[in-house]
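J.: Residue numbers (the numbering used here), protein chains in the order written: chain X, 17 to 265; chain Y, 68 to 318. Before I ask anything, let me first share the structure, which is written out below as structure tokens.
Quick look at the structure:
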């Protein structure tokens, strides 16, 4: 990805993301309702994001808050490149670590070692990079003694730690986090928060999606509130807080 | 590009390791399936129907092993994206790597079958010829092009039209009988033969058999096969390209 010089890590310009009402379509349905099927196919009608614009500056910690269904996860998926916008422009510059899901591609029958290699490759690491960081990943996750055991023998906490360990060892420039901090025991959460603080100090851009406003207050420089796919408020967390209270009430 | 090649390799290795994990016979199952079919057909056609084709068991095996590679790839194609939904929805990487990895897994198994087949053929007095050195890779490339082209269509369209998974099962069955696996294409009436030539596998299976039985492969046949393979691959790539953008939201 080309790094832009305008100091923006993420930029949304008038982004619309519309979904088709016919989510999982069968052939029968398509053929029986051909006219409405074609109409819906051409012009999807559910707008998850409806003209959203914002910028995340390089090195900033940026929060996105809102109710369920307000478009938070869609915004994150657009940043991750998993979805494309229906219209408008999404720009992300810098190496991305999407923590939308920890341990993407993990397979229960493979060993911890094999899963680290696979997950790291999916997140974009080269083979020699994986080799060089392998020990650091295993030590961070604290699963050294079990690394050659199949993943299904791991507790869910261990699996999460391993996924998190791989993700934070990818040298991210932009970190996308989708409420993953909400899971895991206290010690793991602390470890995550410490790592976040470390990233912030190192100048990594962080985009955090959550409906826990206290995390935003303690971690973020700026935040936006999404409501029904639109930006309802933007600014410093303290400025967004009253709007957030109103929206949640 | 090399980064994606490494990811592709990692995905193939995963598929390979997972496929027969915790089974006692492991890779042997890749051999067992075509062998079992060969024995059944051999019994029916030689002992029941009195088919006089000489060397019919080798004839069958030479067609069934490559067929099994393609058939298994096609049967699995509709679930490639459905089975990896979590991955497709959460991380971006070129989507085409998933169907490619699924094919790669089948090809690796097929290559292992070839390695096993060579000593068997030596013992059976049907030693591989020197032509294998160029013919096997060339034919394999053509077969991969055809199979990947079809798999790309099946895997991407099935995300939108889930009925395709059921249709695929029937389609693969039909394709089997429309491909000269059990019979020789030379035994067909001219008209039927002209129609079957539209089946891309018509250009794959008979050359494999010819290579095993006579040690030769016709360059002209391979040329047609390569053209057909390129066309199918291009078509599949085009369909997949149109569909891949919406995969994450349809899953």
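Just so it is clear, CB atoms sit at the ideal spot from N, CA and C, and this is done for glycine as well.
Taking 6 Å as the limit between beta carbons, can you name the residues of its chain near residue 222 of chain X, skipping five residues before and five after?
T.: Working through the first chain from its first residue, we reach residue 222 of chain X at position 206. Once the five neighbours on either side are set aside, the close Cβ partners of residue 222 of chain X are 77 and 191.
J.: My understanding is that residue 96 of chain X touches residue 159 of chain Y, with C-beta atoms under 8 Å, so please give their C-beta distance in whole angstroms.
T.: The residue you call residue 96 of chain X lines up with position 80 of the first chain. The residue you call residue 159 of chain Y lines up with position 92 of the second chain. Contact flag correct, Cβ pair sits at about 6 Å.
J.: Run through chain Y and tell me which residues come within less than 9 Å of residue 125 of chain X, C-beta to C-beta.
T.: On the first chain, position 109 is the one that residue 125 of chain X refers to. Those within 9 Å of residue 125 of chain X in chain Y are 84, 85, 88 and 89.
J.: For the segment 215-265 of chain X, which segments carrying the beta strand (DSSP E) assignment without a break, of at least 3 residues, lie completely within its bounds, in sequence order?
T.: The segment 215-265 of chain X contains these whole beta strand (DSSP E) runs: 221-226, 238-243 and 246-251.
J.: Looking at the structure shown, is residue 187 of chain X part of a helix, part of a strand, or coil, going by DSSP?
T.: The sequence position of residue 187 of chain X within the first chain is 171, counting from 1. Of the three classes helix, strand and coil, the one that applies to residue 187 of chain X here is coil, per DSSP.
J.: Within this structure, are the beta carbons of residue 312 of chain Y and residue 100 of chain X separated by less than 8 Å?
T.: As a first step, residue 312 of chain Y is located in the second chain; it is residue number 245 there, counting from the start. As a first step, residue 100 of chain X is located in the first chain; it is residue number 84 there, counting from the start. For residue 312 of chain Y and residue 100 of chain X, yes; Cβs fall inside 8 Å.
J.: Have a look at residue 89 of chain X and residue 50 of chain X and give me their C-alpha separation to the nearest angstrom.
T.: In the first chain, residue 89 of chain X corresponds to position 73, counting from 1. In the first chain, residue 50 of chain X corresponds to position 34, counting from 1. Straight-line Cα distance between these residues: approximately 31 Å.
J.: Kindly list, in the order they appear in chain X, the residues whose Cβ is closer than 7 Å to that of residue 312 of chain Y.
T.: Counting from one through the second chain, the residue named residue 312 of chain Y turns up at place 245. Those within 7 Å of residue 312 of chain Y in chain X are 100.
J.: State the DSSP-derived secondary structure class of residue 301 of chain Y, mapped to helix, strand or coil.
T.: Counting from 1 along the second chain, the entry for residue 301 of chain Y is found at position 234. Helix at residue 301 of chain Y.
J.: Pull up the CB-CB distance for residue 118 of chain X and residue 212 of chain X, whole angstroms please, since I reckon it's below 8 Å.
T.: Taking the first chain and counting its residues from 1, the one referred to as residue 118 of chain X is at position 102. Taking the first chain and counting its residues from 1, the one referred to as residue 212 of chain X is at position 196. With 8 Å as the limit, residue 118 of chain X and residue 212 of chain X do not qualify as a contact, their Cβ atoms being about 14 Å apart.
J.: For residue 186 of chain Y, does the count of other Cβ atoms within 10 angstroms reach 16, so buried, or fall short, so exposed?
T.: Here the question's residue 186 of chain Y lines up with position 119 in the second chain. Exposed is the call here.
J.: If we count Cβ pairs, one from each stretch, closer than 8 Å, do we get three or more for the segment 200-214 of chain Y versus the segment 262-275 of chain Y?
T.: With the cut-off at 8 Å, the segment 200-214 of chain Y and the segment 262-275 of chain Y touch.
J.: Indicate whether the contact test is met: 3 or more Cβ pairs, each with one atom in the segment 181-199 of chain Y and one in the segment 104-113 of chain Y, closer than 8 Å.
T.: Segments in contact, no.
J.: Return the Cβ separation of residue 229 of chain X and residue 257 of chain X in integer angstroms, given the expectation that the two are a contact with Cβ distance under 8 Å.
T.: Here the question's residue 229 of chain X lines up with position 213 in the first chain. Here the question's residue 257 of chain X lines up with position 241 in the first chain. Confirmed, about 7 Å.
J.: Sort Y:78, Y:240, Y:309 and Y:266 by Cα distance to residue 151 of chain Y and report the nearest one.
T.: Stepping through the second chain from its first residue, residue 151 of chain Y is reached at position 84. Answer by Cα proximity: Y:78.
J.: Over the uninterrupted beta strand (DSSP E) stretch that includes residue 65 of chain X, give me the two end residues.
T.: Mapped onto the first chain, residue 65 of chain X falls at position 49. 62-73 is the span of the beta strand (DSSP E), which, as asked, contains residue 65 of chain X.
J.: Below 8 Å between beta carbons is the criterion; list the residues of the segment 71-105 of chain X that meet it against any residue of chain Y, in chain order.
T.: Hits within the stretch, in order: 93, 96, 97, 98, 99 and 100.
J.: Taking the alpha helix (DSSP H) that residue 148 of chain Y belongs to, which residues open and close that run?
T.: Numbered from 1 along the second chain, position 81 holds the residue referred to as residue 148 of chain Y. That run of the alpha helix (DSSP H) goes 147-150.
J.: Using a Cβ-Cβ distance cut-off of 8 Å, determine whether residue 128 of chain X contacts chain Y.
T.: Position 112 of the first chain, counting from 1, holds the residue named residue 128 of chain X. Answer no: the Cβ-Cβ gap between residue 128 of chain X and chain Y never drops below 8 Å.
J.: Taking its Cβ as the centre, do 16 or more other Cβ atoms sit within 10 Å of residue 215 of chain X, making it buried, or is it exposed?
T.: Taking the first residue of the first chain as 1, we reach residue 215 of chain X at position 199. When all chains shown are included, residue 215 of chain X counts as buried.
J.: The beta strand (DSSP E) with residue 80 of chain X in it runs from where to where?
T.: Indexing the first chain from 1 puts residue 80 of chain X at position 64. 77-82 is the extent of the beta strand (DSSP E) around residue 80 of chain X.
J.: Examine the Cβ distances between the segment 153-169 of chain X and the segment 114-122 of chain Y and report whether three or more of them are shorter than 8 Å.
T.: With the cut-off at 8 Å, the segment 153-169 of chain X and the segment 114-122 of chain Y do not touch.
J.: When we look at the beta-carbon of residue 194 of chain X and count the other beta-carbons within 10 Å, is it buried (16 or more) or exposed?
T.: Sequence index remark: in the first chain, residue 194 of chain X carries index 178 (1-based). By the neighbour-count rule (16 or more Cβ atoms within 10 Å), residue 194 of chain X is buried.
J.: So is residue 264 of chain X buried or exposed if we call it buried at 16+ other beta carbons inside 10 Å?
T.: The residue given as residue 264 of chain X occupies position 248 in the first chain. It counts as exposed.
J.: To the nearest angstrom, report how far apart residue 108 of chain Y and residue 165 of chain X are at their CA atoms.
T.: Position 41 of the second chain, counting from 1, holds the residue named residue 108 of chain Y. Position 149 of the first chain, counting from 1, holds the residue named residue 165 of chain X. In a straight line, the C-alpha of residue 108 of chain Y is about 43 Å away from that of residue 165 of chain X.
J.: Strictly under 8 Å for the Cβ-Cβ distance: is residue 140 of chain X near chain Y by that measure?
T.: Locating residue 140 of chain X in the first chain gives position 124, where the first residue counts as 1. By this cut-off, residue 140 of chain X is an interface position.
J.: Below 8 Å on the Cβ atoms is my guess for residue 217 of chain Y versus residue 299 of chain Y; work out the distance and round it to an integer in Å.
T.: Within the second chain, numbered from 1, the residue matching residue 217 of chain Y stands at position 150. Within the second chain, numbered from 1, the residue matching residue 299 of chain Y stands at position 232. Contact flag correct, Cβ pair sits at about 6 Å.
J.: Going along the chain, which residues of the segment 242-269 of chain Y sit with their C-beta nearer than 7 Å to a C-beta in chain X?
T.: The segment 242-269 of chain Y vs chain X, Cβ under 7 Å: nothing.
J.: Rounded to whole angstroms, what's the CA-CA distance from residue 281 of chain Y to residue 71 of chain Y? Just pull it up for me.
T.: The residue you call residue 281 of chain Y lines up with position 214 of the second chain. The residue you call residue 71 of chain Y lines up with position 4 of the second chain. Residue 281 of chain Y and residue 71 of chain Y: Cα-Cα distance of roughly 40 Å.
J.: Taking the Cβ atom as the reference point for each residue, do residue 79 of chain X and residue 239 of chain X lie within a distance shorter than 8 Å?
T.: Here residue 79 of chain X refers to the residue found at position 63 when the first chain is read from its first residue. Here residue 239 of chain X refers to the residue found at position 223 when the first chain is read from its first residue. Result yes, Cβ atoms of residue 79 of chain X and residue 239 of chain X sit closer than 8 Å.
J.: Should residue 133 of chain Y be labelled buried (16 or more other beta-carbon atoms within 10 Å of its own) or exposed?
T.: Residue numbering aside, residue 133 of chain Y sits at position 66 when the second chain is read from its first letter. It counts as buried.
J.: Could you please tell me which residues of the segment 157-180 of chain Y, in chain order, have their CB closer than 8 Å to any CB of chain X?
T.: Result list: 157, 158, 159 and 160.
J.: Quick one: Cα of residue 243 of chain Y to Cα of residue 296 of chain Y, how far?
T.: What you label residue 243 of chain Y is simply residue 176 of the second chain in a count that begins at 1. What you label residue 296 of chain Y is simply residue 229 of the second chain in a count that begins at 1. Going from the Cα of residue 243 of chain Y to the Cα of residue 296 of chain Y covers about 18 Å.
J.: To the nearest angstrom, how far is it from the Cα of residue 67 of chain X to the Cα of residue 226 of chain X?
T.: Residue numbering aside, residue 67 of chain X sits at position 51 when the first chain is read from its first letter. Residue numbering aside, residue 226 of chain X sits at position 210 when the first chain is read from its first letter. Going from the Cα of residue 67 of chain X to the Cα of residue 226 of chain X covers about 21 Å.
J.: Report the residues of the segment 106-122 of chain X with a CB closer than 7 Å to any CB of chain Y, ordered along the chain.
T.: Going along the segment 106-122 of chain X in chain order, one finds 114, 116, 117, 120 and 121 with a Cβ nearer than 7 Å to chain Y.
J.: In this structure, does DSSP put residue 127 of chain X in helix, strand or coil?
T.: Here residue 127 of chain X refers to the residue found at position 111 of the first chain. Three-state result, residue 127 of chain X: strand.
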